[in-house]
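Encoded as structure tokens, the structure appears first; notes follow it.
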């Protein structure tokens, strides 16, 4: 296991031994008190393991792409309901 400090402006990448990659904003991760058991970030199968964890900078492109995808989804949902 590894512990590290992260800033809210960073993203966390978790990579499993089987090649599954999950990227999430650090600011989206729930915080808990010390008497709790923690927060689950990834659910692993019986034969899976976490190969590495990395902190990466958030990029404006990622935010813009996500915003564009959300707008496209909203527009297509509106078209389907008409």
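Numbering (UniProt numbering), first residue to last: 1 to 82. Ideal Cβ positions, reconstructed from N, Cα and C, are used throughout, including at glycine.
query	result
Paired residues, beta bridge with residue 25 - DSSP	11
Bridge partners - residue 52, DSSP secondary structure assignment	15
Inter-stretch contact at 8 Å, needing at least 3 Cβ pairs: the stretch 10-22 / the stretch 52-59	yes
Beta-carbon proximity list for residue 25, same chain, < 7 Å, skipping 5 on both sides	11, 58
Nonlocal neighbours in the same chain, by C-beta distance under 7 Å from residue 39, ignoring five residues either side	29, 30, 32
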